[in-house]
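Notes for the one structure printed next.
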Amino acid sequence: MTQSHTPSGLRQPQRVVSNGVVVEVSDVTAGTEDALTLLAATRLREGRYGYRIVKRTFDICFSLAVLVCFSWLFALVAVAIKLDDPKGPVIFRQARVGFDGREFVMYKFRSMCVDAEKRLTELTKLNEKTGPVFKIKEDPRVTRVGRVLRKLSIDELPQFVNVLKGDISVVGPRPALPKEVAEYTPRQRQRLSAPQGITCIWQTRRNRDSITFDEWVDLDLIYIQKAGLWTDFKIIIQTVGCVLTAQGE
96 MTQSHTPSGL RQPQRVVSNG VVVEVSDVTA GTEDALTLLA ATRLREGRYG YRIVKRTFDI
156 CFSLAVLVCF SWLFALVAVA IKLDDPKGPV IFRQARVGFD GREFVMYKFR SMCVDAEKRL
216 TELTKLNEKT GPVFKIKEDP RVTRVGRVLR KLSIDELPQF VNVLKGDISV VGPRPALPKE
276 VAEYTPRQRQ RLSAPQGITC IWQTRRNRDS ITFDEWVDLD LIYIQKAGLW TDFKIIIQTV
336 GCVLTAQGE
């Protein structure tokens with residue numbers, strides 16, 4: 096029998112089986128892909144219709160409840176944003192990358208000055224995160240009202256409209272900017288193998304400011320592997336705790 100030789104940088108093709116789902120993992124560069132994550136992603140796509148249906152139903156019901164309960168707050172926030180910085184819009188719209196790399200427009204209450212995107216270039220050198228993500232703790236582009244909105248996570252409320260539209264889920268990896276995704280490694284792109292969300296494991300961590308982007312990706316991949324209703328419920332409860340203790344950005 097003729098033996099096939101696999102290049103040293105590649106894993107031998109293998110079949111991973113779980114709950115009746117078979118995943119063929121081949122031609123995968125060692126150290127960049129994880130068979131378990133690929134399996135979890137495949138189960139989300141093909142083998143877990145019940146979970147997906149219940150998750151989507153929950154997303155719609157929960158989002159409607161949040162939007163109705165906090166509708167009064169939307170008007171107050173709109174007035175506050177306009178009084179603080181009357182030049183810009185109340186709602187900030189930005190292109191993000193969702194499930195399977197599909198782009199969509201994400202909504203947030205505007206928390207930055209109007210020329211925030213233009214000023215980003217001059218602030219790049221102050222980036223406190225590794226990898227393609229840009230984050231600095233004391234961002235000078237954030238307005239006075241914006242600081243309060245971020246601290247209380249109120250700026251995220253319009254994203255429940257995105258959930259109703261099916262762009263994202265309540266729980267899932269945070270959607271990234273297209274330019275950030277363009278710099279992703281193969282392993283980092285695995286974040287896109289599940290519906291993106293408003294909250295995730297990373298956002299429930301008290302030390303999230305000190306978490307590197309690779310560690311952030313690790314947390315997202317853990318979520319993808321363990322995705323389920325109980326996992327989602329725990330993340331939502333922990334997120335509510337963070338909001339009530341004002342642990343937003």
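Numbers given in the numbering used here equal positions in the sequence shown, counted from 1, plus 95. C-beta: ideal position from N, C-alpha, C; glycine also.
Reduced DSSP category for Glu-278 - H, G, I as helix; E, B as strand; rest coil
On the sequence shown, position 183 is the one that residue 278 refers to. Coil, per DSSP.
Taking its Cβ as the centre, do 16 or more other Cβ atoms sit within 10 Å of Glu-251, making it buried, or is it exposed?
The residue labelled residue 251 in the question sits at position 156 within the sequence shown. It counts as buried.
Return the chain-ordered list of same chain residues with a C-beta closer than 6 Å to the C-beta of Phe-187, the five sequence neighbours on each side being excluded.
Start at 1 with the first residue of the sequence shown, and residue 187 comes out as number 92. Answer for Phe-187: Lys-203, Arg-205, listed in chain order.
Counting only the same chain and skipping the five closest in sequence on each side, list residues whose C-beta sits under 8 Å from that of Trp-325.
Locating residue 325 in the sequence shown gives position 230, counting from the first residue. No residues qualify anywhere along the chain.
List the residues that DSSP assigns as beta-bridge partners of Lys-203.
For the purposes of this step, residue 203 is identified with residue 108 of the sequence shown, where counting begins at 1. DSSP, once it has assigned bridges, lists Phe-187 as partnering Lys-203.
DSSP beta-bridge partners for Ser-264?
Counting from 1 along the sequence shown, the entry for residue 264 is found at position 169. DSSP, once it has assigned bridges, lists Gly-292 as partnering Ser-264.
According to DSSP, simplified to helix, strand and coil, what is Glu-233?
As a first step, residue 233 is located in the sequence shown; it is residue number 138 there, counting from the start. Three-state result, Glu-233: coil.
For the alpha helix (DSSP H) that Gly-323 lies in, which residues bound it at each end?
Reading the sequence shown from its first residue, position 228 is the one you call residue 323. Note, Gly-323: premise wrong, no alpha helix (DSSP H); not H, not E.
Which two residues bound the contiguous alpha helix (DSSP H) that contains Ser-158?
Against the sequence shown, residue 158 aligns to sequence position 63. Start and end: 144 to 164.
Pick out whichever of Leu-247, Glu-212, Val-228, Arg-300 has its Cα sitting closest to the Cα of Gly-235.
Indexing the sequence shown from 1 puts residue 235 at position 140. According to the sequence displayed, residue 235 carries Pro and not Gly. Closest by alpha carbon: Glu-212.
I'd like to check one pair, Leu-287 with Gly-196: are the Cβ atoms closer than 8 Å?
Residue mapping note: residue 196 aligns to position 101 of the sequence shown, counting from 1. Residue mapping note: residue 287 aligns to position 192 of the sequence shown, counting from 1. The answer is yes: Cβ separation under 8 Å.
Run through DSSP, which three-state label would Ile-332 get?
Along the sequence shown, one-based indexing puts residue 332 at 237. Reduced to three states, the DSSP call for Ile-332 is helix.
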